[in-house]
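Here the protein sequences line up with chains A and B, keeping their order. Reading the first sequence from the start, the letters are residues 1 to 460 in our numbering. Reading the second sequence from the start, the letters are residues 461 to 924 in our numbering. Glycine included, every Cβ here is placed at the ideal spot set by N, Cα and C.
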Amino acid sequence: MRARALLFVMLAAAAPGAAETIAITNGTIALGDGSEPIPGGTVLIRDGRIQAAGAMRFKLPADTIVIDATGKWVTPGIVAGFSRLGLSEVDLGVDGSDDTSANGPFSAALDVVPSINPLNSTISVNRADGVTRAIVAPSTGRSIFAGQGAVIDTGADMDPITAARRFQFVELGESGADTAGGSRSSAYALFRNALREAGQLSRFMPPVQGGRSGQPDQRDVPVIRDPNESRTETARRNDDVLLTRFDAAALVPVLQGRQYLLVHVERASDILNVLGLKREFPRLKLVLVGASEGWTVAQQIARAGIPVIASPVNDLPASFEQLAATQSNVGRMLAAGVRVSIGTIDDNDTRNLFAQRQYAGNLVALQKIPGATGVRWGEALAMITSRPAEAVGMGGELGSLAAGRRADVVIWSGDPLEGSSAAEQVYIDGVRQPLATRQSKLLERYRYLPRRELPEAYRH
Amino acid sequence: MMKAVAAALLVAALTGCASLAPKPKLAPAVRINQDPYPSTYQRYGGAPTVIRHATLFDGEGRRLDDATIIFADGLIAAVGGPELASPAGAVEIDGTGKYVTPGIIDVHSHLGNYPSPGVASLSDGNEATSPARPEVWAEHSVWPQDPGFSRALVNGGVTALQILPGSANLFGGRSVVLKNVPARTSQGMKFPGAPYGLKMACGENPKRVYGSKGNMPQTRMGNIAYARQTWIKAQAYKRKWDRYEAKGGDMPERDLAMDTLRGVLGGKIIIHNHCYRADEQALMIDMAKEFGYKIGTFHHAVESYKIADLLAREGICSAMWADWYGFKMESYDAVNENIPLVHNAGACAIVHSDDPNGIQRLNQEAAKALADGQRAGIPNLSEAVAWQWLSRNPAMALGILDRTGTLAPGKMADVVLWNGNPFSDYSRPERVWIDGAEMYDANNPKKRPVSDFELGQPGEGDTK
């Protein structure tokens with residue numbers, strides 16, 4: 001399909017009452033799978049899914065909605081690779097609007113889902129800039145384990161969750177050391193102990209059955225059938241437990257490799273320590289988050305086959321765990337064979353996810369800098385679309401315009417990796433989204449300042 | 461002088477007739493050194509340089525295609541078309557497909573006083589021990605080995621920048637303007653002759669920092685009251701010292717804090733006022749009128765678009781981000797068109813960073829603001845016009861426009877050659893000159909500064 005061959009795809013005539021078909025034609029199409037853009041292509045959406053995309057001509061059903069994208073660019077929606085989107089309306093000094101981290105009794109058991117507010121203005125602002133999905137992690141409170149993160153959409157509806165409890169998030173670098181009492185040794189002891197406690201618990205978990213259909217998998221539900229079990233099982237469960245039972249139970253799917261474990265580390269030695277955990281707990285499905293010094297150990301990361309969600313443009317020794325930070329980090333890891341995607345790690349992560357496409361453009365820019373390692377345009381786009389989805393095992397659903405994917409599609413005024421381009425139309429699951437925000441309303445209210453017959457408050 | 465006075469007194473005593481002696485004169489005023497930490501910056505050497513066939517934004521709002529720029533002896537010599545003749549022995553650079561601009565100037569940076577690494581030992585930006593600390597000077601906190609300076613140069617094309625104290629205090633202290641040329645001392649980076657600034661802050665930060673300790677200010681009205689009380693003291697101090705300097709006599713007691721505020725009241729120190737909200741900006745404007753000083757620039761001015769007409773009338777600059785919003789209540793009403801709206805109202809618009817990462821991409825921030833403005837239908841915007849937000853207007857805000865900020869002949873040769881259009885995410889500085897000295901060349905690893913801190917560390921000397 002990526003070859004410029006012209007394919008003719010015949011569509012069955014839409015049956016009465018069937019979902020609508022949308023064809024976006026004549027745009028520059030970028031599939032988001034790493035390939036370079038295709039001029040004059042078409043994207044076909046049916047039933048909320050991508051039916052086909054590329055340099056094709058289609059015989060369209062009579063009721064097809066055709067959108068002419070001449071002069072525009074068409075891509076999958078941006079996937080925020082690592083974020084706190086939807087968790088905080090205002091970050092500082094506004095009690096109650098910030099749910100990013102908790103200092104309550106639970107840690108790994110925390111589920112980010114109830115904290116996500118789909119009407120949060122950060123969601124509409126990012127939607128208006130073409131961000132359609134986000135990987136959302138809680139921040140740590142008192143434990144190295146922050147809890148279970150989700151994949152969400154940014155649609156203008158009350159159903160933001162694409163995948164609940166998709167991963168557990170743990171801090172094992174400087175921040176983890178600090179939380180654990182002041183050293184990495186302490187963080188690792190806590191980590192090993194936590195998985196050991198989960199291991200003891202897992203022996204009493206219900207047997208695993210059934211496939212992975214659309215229904216929530218029972219194995220993902222961290223519930224013990226008998227709430228009194230910890231008392232009845234004291235003989236077998238260690239007396240010196242540190243985790244609450246809910247927390248230990250939440251780590252069972254991590255231990256068994258049924259839930260991803262996103263690990264934030266930056267320093268080279270911390271990265272190698274995490275790779276070492278894979279040998280110790282072979283079923284862990286690890287994803288590295290951050291990895292500013294990843295390029296210095298890129299071969300090892302590649303060999304371990306562990307994906308990385310990196311901060312793309314960190315180039316300062318902002319801390320002693322980021323001394324080797326360079327904007328070439330992503331390009332060098334990619335060149336070594338690491339599966340890399342882009343996230344905003346501790347970088348306005350509740351709200352400025354729209355910056356990801358500008359960052360991706362900056363990685364493209366590095367190709368022209370002698371001594372730097374940049375990223376091809378197509379791969380840079382993939383790093384903010386399909387690659388983060390793949391990192392959490394959702395590449396078959398999200399992040400590209402391949403047939404069968406959810407129809408998250410953005411029509412841009414121009415090259416989306418230029419910050420100067422804007423999202424003009426945004427589709428999520430094939431549904432066209434409103435792009436108005438508080439900001440666009442403020443603009444309309446104040447763009448002309450001369451006094452009128454009534455105060456500004458009457459302009460709405 | 462002292463001898464002469466002593467002799468006169470002796471004569472008076474010898475005559476023995478005090479009534480006939482002239483009324484004893486007051487001792488003349490002792491001059492206070494206004495520049496006790498003077499700049500020791502000296503420009504580095506550079507060959508006469510000619511760049512031809514580039515696209516040039518002059519910083520005054522003009523764009524020249526197939527432009528030629530000539531600089532020598534640290535100064536811009538000429539800007540024009542292909543007809544300009546090269547001086548003898550000049551280095552010739554082919555700028556085909558490339559862009560030439562004035563160096564970017566960031567009016568709001570904490571490089572050096574909140575440096576990398578961001579550890580407590582190096583955290584020197586806020587003297588948060590009293591809401592009024594006009595006595596502290598940012599230059600006494602600037603660590604010249606902050607690796608961030610080199611990133612701002614190499615990736616950002618930043619040739620001058622203002623380091624401000626933080627915003628915990630209503631009066632944060634004096635700022636310092638630096639040339640982005642590495643040096644062993646902060647004095648070695650000081651922009652020669654640049655006026656001092658005074659950092660002030662409105663709004664959430666002072667009331668949060670002190671209110672949370674149970675101290676004044678705890679409210680916005682507390683902010684204003686505390687600031688007014690401080691200005692009243694400053695006025696009294698100024699009267700006392702003005703009289704002394706005019707007439708001599710007993711030297712009044714010196715007060716470092718009041719020295720700075722007197723400098724503001726006397727028009728020698730420029731006010732840089734952290735102030736997000738439009739309503740608070742308007743209050744600060746009235747406060748300035750009440751006490752007879754002028755506000756130079758509102759920083760983090762996310763609501764300037766609401767009162768852009770007032771700001772134009774008052775001649776106050778706004779230093780703004782392109783799209784930061786909502787991280788605190790006073791940034792909740794940010795709009796992406798703020799910068800172009802302020803510009804369009806005839807007020808002075810500046811793109812600023814307040815961030816060691818953002819300072820590396822100010823050109824891209826301007827590009828976003830420009831595009832947002834054009835999409836909103838704001839007239840008369842162009843890349844050449846928008847470059848004023850990056851160099852001319854910040855230079856004006858810092859009181860150094862007569863020396864830098866545009867490519868006018870006779871100004872400092874603070875010049876960036878970009879490897880493509882700087883309004884694109886795909887472009888970077890290829891070479892940067894400061895006072896005509898080449899401080900960065902992307903093709904020469906030896907022309908890449910590496911701070912002491914980075915020596916011997918992983919990644920030393922890497923492209924960053």
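Where residue i sits in the DSSP three-state scheme
| i | result |
| --- | --- |
| B:HIS568 | strand |
| B:ASP912 | helix |
| A:HIS460 | coil |
| B:VAL641 | coil |
| A:ASP247 | helix |
| A:TRP412 | strand |
| B:MET660 | strand |
| A:ASP98 | strand |
| A:ARG225 | Confidence in A:ARG225 is poor, its pLDDT being 47 and thus under 50, which makes the residue's placement too unreliable to answer from. |
| B:ILE492 | coil |
| A:ALA296 | The sequence given here has Thr at residue 296 of chain A, not Ala. Three-state DSSP puts A:THR296 in a helix. |
| B:GLN695 | helix |
| B:VAL614 | helix |
| A:PRO143 | The residue asked about is misnamed: residue 143 of chain A is Ser in this sequence, not Pro. Coil at A:SER143, not helix or strand. |
| A:LEU442 | helix |
| A:GLY210 | Residue placement at A:GLY210 is flagged as unreliable, the pLDDT there being 42, under the threshold of 50; the coordinate-derived value follows with that caveat. Coil, per DSSP. |
| B:ARG688 | helix |
| B:GLN622 | strand |
| B:VAL802 | helix |
is_contact[residue i, chain B] using C-beta, thresh 8 Å
| i | result |
| --- | --- |
| A:ASP429 | no |
| A:ASN348 | yes |
| A:SER341 | no |
| A:ILE78 | no |
| A:VAL90 | yes |
| A:PHE320 | yes |
| A:LYS368 | yes |
| A:SER328 | yes |
| A:GLY93 | yes |
| A:ILE443 | In the sequence on display, residue 443 of chain A carries Leu and not Ile. A:LEU443 counts as touching chain B. |
Integer Cβ distance of residue i from residue j, believed to fall under 8 Å
| i | j | result |
| --- | --- | --- |
| B:ARG503 | B:ASP832 | In fact, because the Cβ distance is near 38 Å, the residues do not count as touching under 8 Å. |
| A:ILE78 | A:ILE24 | Going by Cβ atoms, the distance from A:ILE78 to A:ILE24 rounds to 17 Å, so no, they are not a contact pair. |
| B:SER778 | B:ALA738 | Not confirmed; about 10 Å, so no contact. |
| B:GLY865 | B:ILE565 | 6 Å |
| A:ILE271 | A:GLY294 | 6 Å |
With 16 other Cβ atoms within 10 Å as the buried cut-off, status of residue i
| i | result |
| --- | --- |
| B:MET660 | buried |
| A:GLN433 | buried |
| B:GLN575 | Position check: residue 575 of chain B holds Pro in this sequence, whereas Gln was assumed. Looking at its Cβ environment, which holds 16 or more other Cβ atoms inside 10 Å, B:PRO575 is buried. |
| A:VAL43 | buried |
| B:GLU581 | Position check: residue 581 of chain B holds Ser in this sequence, whereas Glu was assumed. By the neighbour-count rule (16 or more Cβ atoms within 10 Å), B:SER581 is not buried but exposed. |
| A:SER124 | buried |
| A:ASP157 | exposed |
| B:GLU898 | buried |
| A:LEU454 | exposed |
| B:HIS600 | exposed |
Contact with chain A by residue i, beta-carbon distance below 8 Å
| i | result |
| --- | --- |
| B:MET681 | no |
| B:LYS698 | no |
| B:GLN605 | no |
| B:PRO909 | no |
| B:ASP793 | yes |
| B:GLU543 | no |
Proximal chain E residues relative to residue i, where beta-carbon distance stays under 8 Å
| i | result |
| --- | --- |
| B:GLY663 | Annotation note: the requested chain E is absent from the structure, which comprises protein chains A and B. |
Is the region 536-549 of chain B touching the region 790-799 of chain B in the sense that three or more CB pairs, one from each, lie closer than 8 Å? no
Evaluate contact between the region 388-402 of chain A and the region 57-65 of chain A, counting only Cβ atoms and requiring at least three cross-stretch pairs below 8 Å. no
Examine the Cβ distances between the region 174-194 of chain A and the region 128-135 of chain A and report whether three or more of them are shorter than 8 Å. no
For the structure I just gave you, are there three or more beta carbon pairs, one from the region 277-291 of chain A and one from the region 301-316 of chain A, closer than 8 Å? yes
Quick test of the definition: if touching needs 3 or more C-beta pairs under 8 Å, does the region 28-35 of chain A touch the region 377-385 of chain A? yes
Is there contact here, the region 580-598 of chain B with the region 629-642 of chain B, by at least three beta-carbon pairs under 8 Å? yes
Taking 8 Å as the cut-off, does the region 903-918 of chain B touch the region 598-614 of chain B (at least 3 CB pairs, one atom from each stretch)? yes
Could you check whether the region 828-846 of chain B touches the region 494-510 of chain B, counting it as contact only if at least three pairs of C-beta atoms, one from each stretch, sit closer than 8 Å? no
Do the region 804-813 of chain B and the region 113-123 of chain A meet, that is, are 3 or more Cβ pairs less than 8 Å apart? no
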